[in-house]
Structure formats: structure tokens, C-alpha cells
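The structure under discussion appears below in the form of C-alpha cells.
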Amino acid sequence: MRRRSFIFGGWLSFLLLAALILPSGAAAQPLTVEWLISPSLSPYFNDWEINPTFVQLQVTNPTQQTVRTLVEVKLLGRVRGPVASSPSKPLDVPPGIQIYRARDVIDFGNLQIDPSVRALALQTGRIPDDDYQFCVALIDPDSRRSLIAGLACSTPVSILSAPGPQLISPSDGDSVGVFPLFQWTPTMSVRQGSIRYHIRISEVIQSQLPSQALAANLPYHEADVLTGTSYLYPLSARPLEEGKLYAWMVQAFDPVANVTVGSDEGKSHIWTFTVKGVPVAQPPLFLELLVDLGGTEVQEGIDLSQNSQVKKELKKILGKFDHVNEALGKKDGKTALMWKDEALKELNELLGKAKRLGESDDFIKKLQDAREKLEAEIKKEGG
Numbered sequence: 135m136r137r138r139s140f141i142f143g144g145w146l147s148f149l150l151l152a153a154l155i156l157p158s159g160a161a162a163q164p165l166t167v168e169w170l171i172s173p174s175l176s177p178y179f180n181d182w183e184i185n186p187t188f189v190q191l192q193v194t195n196p197t198q199q200t201v202r203t204l205v206e207v208k209l210l211g212r213v214r215g216p217v218a219s220s221p222s223k224p225l226d227v228p229p230g231i232q233i234y235r236a237r238d239v240i241d242f243g244n245l246q247i248d249p250s251v252r253a254l255a256l257q258t259g260r261i262p263d264d265d266y267q268f269c270v271a272l273i274d275p276d277s278r279r280s281l282i283a284g285l286a287c288s289t290p291v292s293i294l295s296a297p298g299p300q301l302i303s304p305s306d307g308d309s310v311g312v313f314p315l316f317q318w319t320p321t322m323s324v325r326q327g328s329i330r331y332h333i334r335i336s337e338v339i340q341s342q343l344p345s346q347a348l349a350a351n352l353p354y355h356e357a358d359v360l361t362g363t364s365y366l367y368p369l370s371a372r373p374l375e376e377g378k379l380y381a382w383m384v385q386a387f388d389p390v391a392n393v394t395v396g397s398d399e400g401k402s403h404i405w406t407f408t409v410k411g412v413p414v415a416q417p418p419l420f421l422e423l424l425v426d427l428g429g430t431e432v433q434e435g436i437d438l439s440q441n442s443q444v445k446k447e448l449k450k451i452l453g454k455f456d457h458v459n460e461a462l463g464k465k466d467g468k469t470a471l472m473w474k475d476e477a478l479k480e481l482n483e484l485l486g487k488a489k490r491l492g493e494s495d496d497f498i499k500k501l502q503d504a505r506e507k508l509e510a511e512i513k514k515e516g517g
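In terms of this note's numbering, the sequence shown is numbered consecutively and its last residue is 517.
Listed below in C-alpha cells is the structure:
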């Protein structure tokens, strides 16, 4: 894996140092090194420090004594040249083959970032796209002579941002119901588990371009999608209006690192859609149920219950009514009735659980009232 495919003149002093301190004669310590770099290297400095598999340095000491060294590491980009350097760090190498983690040989707390990439590194914690080599010098701390044969550099490894999310539906220019289901592809990343998405919808006014509407107008609706790659337009949101043109896009982000994920700042392309119809009838049942169970701010929690399990299941039941309204928007009364049946079953189960958990009489009464209304609604529609 040891290569010297490209070395850049920008660090002539480092190369001259390596040339001047080549070992000679019996005083030389015949250490050899080899970089072990993951082909799926993360672009984040912090990941190199935490994950031991991304960057490793193998050092072989064939002598019978521990060799004291100073290790200096440089990061070189094929396009950008010198990107980062780590100051000298003491490293004792016992006899045999040793494998050191990145944090053993790189002083992450004192990394010297090249001005050309410093702003990006400080803002996002990552390095820009390029082909990179890790280079190392091992130096005798007393004689300042090299303990390896010159400068040892890794095989080039590519850092390439994954594309942002790709929109799937509604298709560009499509006509949809008033409660559309938005879908997109996942953004691939070494931090896959922490990726979230932000969906933004804006009305396109008069002669605006869709991109102008999203950039200049206040969002008609926006939300963070914490799980999955789809989003059902909620009943609690501002209603979409028939005949109007809307633009939408999705952006991937990492809430832990507080950075966007993917090329073009994690943004998808922009598509538009129009609304073609309204539900057969507004489902007053849903609105009544929300009022009965503690108000319209369902996403912020049901204040009437102090039990997290009950809150979670209650939100799940209320989510059934998003499907009800979606079916009504498609004039599919049969599917809407099916979802109401599902909601009734879960409401009955929750009522029993709430009693066992000692929920308040007021909460139990509201659940019972909601169940009676839902049963009456289903009986009326099902004949």
C-alpha cells in the first residue's frame, strides 16, 4: 500500500528535511512504515480520531530495542496540494510490527490547516473533495535524522461527496391531491445513521422561477424529517390550495455535527406540483378528535397525558387520520374507512392501557368520547 504517486512542491521544506535526514551506516534504525487507509475514508477529521479503521500507520521495528521517534504527518491533495499538517509527536516503537491509530500519530488538537481550506474545515469539520495522500516522517529526537527511508506516503484515496437526495414523487409538474406523499432517495454517507432531512415547500407566485420561490418566499410549509425518506403532508399544516403551483426540495443534514451532507450543500434539485382537488368532505372527525385529546399541537405532545408510552401511541393513532385524509383526497372512501377501523382498534387498546396506567379521569373520559364519535362515524359510512 506504500506509494509515492504525487508529492507537491508546496512543502519543499518537508521534503528537503526528509532528504537531509536519511539514515546512513550503523547508526541508522531500519524502521519501515506502511499506511493502512480505508477506501471509504470519511471526510471528517473527527471521524479519523474516533474510528480506528479509517486511518492507521503500520511501523515495523526489526531491532531488539524500543526506538524513540518524533512522528510528523502531512496531508496532501492532488488538486489542492498541502491541506493539513500535524506537529511533531513523540512515538515509542517497540520491537516487531506495531499498528497505530490516527490519534496515536496525529495531533488533532493542534492540526495546522492550510488557509485555502481553513474556512471549510472550521465550519464543517471536513476536508474538500480531492484525492489525498497521508505522508509521514519518523525522526530521531536527538540526532534529527530520519529513521525511515525518506518520506512515506499512502496510496491516494478519494474523498468525494455523495450526491444530495434525489426527488421521486410527486414528479416534476405533477398534479396531486391536497395531502400528497413526498418521497426521495437517501443520501449515502459514512454517517448514515445520523442523517436527517429538511423538506421545504414554497408557493410559486406569478412569473417566479421555482428556485426563486424557494429562495425568496417564506416557506408555505417546512419540516424536519427525522426518520425515513418520505413525508406525508399533514392535516395540521396550512392547506394546499387547488390550482396553485408549488415548488419543493429536500436537504440532507447531520444534526450531530450540525453540517449538511452531500454535494451542493446536501440539496436536492427542485420540482414543482399543482393541487388538483379537495377531499370529498372535510373530515370533521379528525378535528374533533384533536380537540378532544388536547388541542391541535399534536406534534409537540399531548399535554393531558404524563405517560410517554401513552403519548407515543396516541400520536400513532392520530397519524392514522393522515392516511384517512390522504384517501379522501383521492376520493377513495373504502381506504379511508379501512384506516378509521384501524384507528378504532388502536384507540380501544389504548383506552384499556390508559386505565391500567392510572391516567386521569378527564383523560379517560376524552378517550371514551373520541371512541364513541369514531364508532358512530364508521357505522354511518359503513352502512
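Each residue gets a CB set at the ideal place from its N, CA and C atoms; glycine is no exception.
Distance check for residue j and residue i, CA to CA, integer angstroms please.
i: residue 322; j: residue 394; result: 12 angstroms
i: residue 498; j: residue 457; result: 25 angstroms
i: residue 195; j: residue 359; result: 52 angstroms
i: residue 364; j: residue 289; result: 40 angstroms
i: residue 308; j: residue 257; result: 38 angstroms
i: residue 380; j: residue 405; result: 8 angstroms
i: residue 461; j: residue 469; result: 6 angstroms
i: residue 438; j: residue 244; result: Its pLDDT being 45, under 50, residue 438 is placed unreliably by the model, and nothing is read from it.
i: residue 208; j: residue 263; result: 17 angstroms
i: residue 444; j: residue 372; result: 27 angstroms
i: residue 332; j: residue 230; result: 51 angstroms
i: residue 512; j: residue 474; result: 7 angstroms
i: residue 345; j: residue 477; result: 39 angstroms
i: residue 275; j: residue 217; result: 25 angstroms
i: residue 246; j: residue 265; result: 19 angstroms
i: residue 294; j: residue 514; result: 58 angstroms
i: residue 222; j: residue 285; result: 14 angstroms
i: residue 329; j: residue 220; result: 30 angstroms
i: residue 410; j: residue 315; result: 14 angstroms
i: residue 505; j: residue 481; result: 7 angstroms
i: residue 296; j: residue 447; result: 36 angstroms
i: residue 298; j: residue 384; result: 9 angstroms
i: residue 354; j: residue 367; result: 12 angstroms
i: residue 450; j: residue 181; result: 36 angstroms
Is any heavy atom in the ligand NAP found nearer than 8 angstroms to the beta carbon of residue i?
i: residue 217; result: Among the ligands in the structure shown, none appear at all, so the ligand NAP cannot be discussed.
Can you tell me whether residue i is buried or exposed, with buried defined as 16 or more other CB within 10 angstroms of its CB?
i: residue 214; result: buried
i: residue 173; result: exposed
i: residue 224; result: exposed
i: residue 253; result: exposed
i: residue 277; result: exposed
i: residue 197; result: exposed
i: residue 490; result: exposed
i: residue 311; result: buried
i: residue 402; result: buried
i: residue 486; result: exposed
i: residue 199; result: exposed
i: residue 339; result: exposed
i: residue 267; result: buried
i: residue 454; result: buried
i: residue 510; result: exposed
i: residue 493; result: buried
i: residue 500; result: buried
i: residue 349; result: exposed
i: residue 211; result: buried
i: residue 336; result: buried
i: residue 400; result: buried
i: residue 377; result: exposed
i: residue 362; result: exposed
i: residue 495; result: exposed
Specify the secondary structure class of residue i as computed by DSSP and reduced to three states.
i: residue 357; result: strand
i: residue 195; result: strand
i: residue 220; result: strand
i: residue 337; result: strand
i: residue 371; result: coil
i: residue 204; result: strand
i: residue 296; result: coil
i: residue 242; result: helix
i: residue 258; result: helix
i: residue 322; result: coil
i: residue 329; result: coil
i: residue 179; result: helix
i: residue 376; result: coil
i: residue 401; result: strand
i: residue 237; result: helix
i: residue 213; result: coil
i: residue 448; result: helix
i: residue 79; result: Any question about residue 79 goes unanswered here, given that the chain covers just 135 to 517.
i: residue 250; result: helix
i: residue 395; result: coil
*asked:* Any contact between the segment 221 to 240 and the segment 183 to 190? By contact I mean 3 or more CB pairs, one from each, below 8 angstroms.
replied: yes
_Below 8 angstroms, how does it come out for the segment 267 to 285 and the segment 190 to 206: are there three or more Cβ pairs, yes or no?_
Result yes; three or more Cβ-Cβ pairs closer than 8 angstroms.
*Between the segment 296 to 316 and the segment 216 to 231, do at least 3 Cβ pairs fall closer than 8 angstroms?*
no
*Give, in chain order, every unbroken run of the beta strand (DSSP E) that is at least 3 residues long and sits entirely within the segment 468 to 515.*
none
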